[in-house]
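In this text, residue positions in the sequence shown follow the numbering used here: the first is 6, and each later residue adds one. All C-beta atoms, glycine included, are put in the ideal place defined by N, C-alpha and C. Everything numeric in this text was worked out from a predicted model, so none of it was measured. Shown next, in structure tokens, is the structure this report addresses.
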Amino acid sequence: MSRDVFQLGPRKIKVWPDNQRVERLAEPTVLITDFADTDNYHERLRDRILQLEHASEFRDSIFKAGCGVKIRHPARWSCVQADLIHARAIALFKLVHQTTNAVVDDSWASVYHKGDYCAPHSHTRAVSSVLYFLDPGDPPEPDDPVAGRFCFGDPRMRVCCPEQEGRMTRHLMPELLPGSMMIFPAEFLHHVNPYQGHKPRITMSWNMTKEALAGKPGARENY
Numbered sequence: 006m007s008r009d010v011f012q013l014g015p016r017k018i019k020v021w022p023d024n025q026r027v028e029r030l031a032e033p034t035v036l037i038t039d040f041a042d043t044d045n046y047h048e049r050l051r052d053r054i055l056q057l058e059h060a061s062e063f064r065d066s067i068f069k070a071g072c073g074v075k076i077r078h079p080a081r082w083s084c085v086q087a088d089l090i091h092a093r094a095i096a097l098f099k100l101v102h103q104t105t106n107a108v109v110d111d112s113w114a115s116v117y118h119k120g121d122y123c124a125p126h127s128h129t130r131a132v133s134s135v136l137y138f139l140d141p142g143d144p145p146e147p148d149d150p151v152a153g154r155f156c157f158g159d160p161r162m163r164v165c166c167p168e169q170e171g172r173m174t175r176h177l178m179p180e181l182l183p184g185s186m187m188i189f190p191a192e193f194l195h196h197v198n199p200y201q202g203h204k205p206r207i208t209m210s211w212n213m214t215k216e217a218l219a220g221k222p223g224a225r226e227n228y
């Protein structure tokens, strides 16, 4: 059963705040929205993810280039803050696709530590992927300003091919802040540059479809 409001301590937080805006990026099929109420839930959500990273059934480490340590299935964490963000990811999918149907095929948080990165990949079994930016970690050093940045690099994206159609010569690196939620076609090739900070960098991700799919996603297919 869907919920429109979550009780977080003394506050009632709407899943989709009034006048919440969704903006298109340079690639029109990539959209982003920024939530302004993060002071109400980010600290506890971050603490819960780091707790689960150290000891839980949800922990999953694939390989060095596999986006850090995964903590899978946010909806099962017994964490109302995670439930809120999970509901917001579903709401964004429904809004963008103008549908009442949204099925989460896979979901996880990624915790990056120094040296972690995410190799170029796309997501199978999904119509759209949703990324939530929880904690950027430490800022990059001046001599490596794109360290830890999320990047699109796909020849199907016009913004990546300014010189010749189908020949990628540019990355799209959206400006993601704590509270940013982005939705994009799951087939787009994307990656995360090596993170060099000491404080954990934390994101959350969902792969979604309009209808349930047979079988289950493989851990190494969606990283």
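Hey, would you say residue i sits closer than 8 Å to residue j, going by beta carbons?
| i | j | result |
| --- | --- | --- |
| F157 | C166 | no |
| K215 | A107 | yes |
| P183 | H59 | no |
| G100 | M209 | According to the sequence displayed, residue 100 carries Leu and not Gly. Result no, Cβ atoms of L100 and M209 do not sit closer than 8 Å. |
| V27 | A92 | no |
Can you tell me whether DSSP reads residue i as helix, strand or coil?
| i | result |
| --- | --- |
| V35 | coil |
| H128 | coil |
| D148 | coil |
| P79 | helix |
| M6 | Note that M6 scores 45 on pLDDT, short of 50, meaning its location in the model is unreliable and no value can be drawn from it. |
| H47 | helix |
| R163 | helix |
| D52 | helix |
| W211 | strand |
| H196 | strand |
| L230 | As shown, the chain starts at 6 and ends at 228. That puts residue 230 outside it, with no answer to give. |
| E58 | helix |
Looking at the unbroken alpha helix (DSSP H) that takes in residue i, where does it start and where does it end?
| i | result |
| --- | --- |
| D88 | 85 to 102 |
Compare the Cα-Cα distances from residue i to each of the options and report the closest residue.
| i | options | result |
| --- | --- | --- |
| A152 | P160, M162, P141 | P141 |
| P190 | W211, R175, E170 | W211 |
| K204 | I37, R53, P144 | P144 |
| L181 | D39, R8, G73, P15 | D39 |
| V116 | I90, D52, F193, P22 | D52 |
Just curious, the beta strand (DSSP E) that residue i is in, first and last residue?
| i | result |
| --- | --- |
| R172 | Where R172 is concerned, there is no enclosing beta strand (DSSP E), given that its DSSP letter is neither H nor E. |
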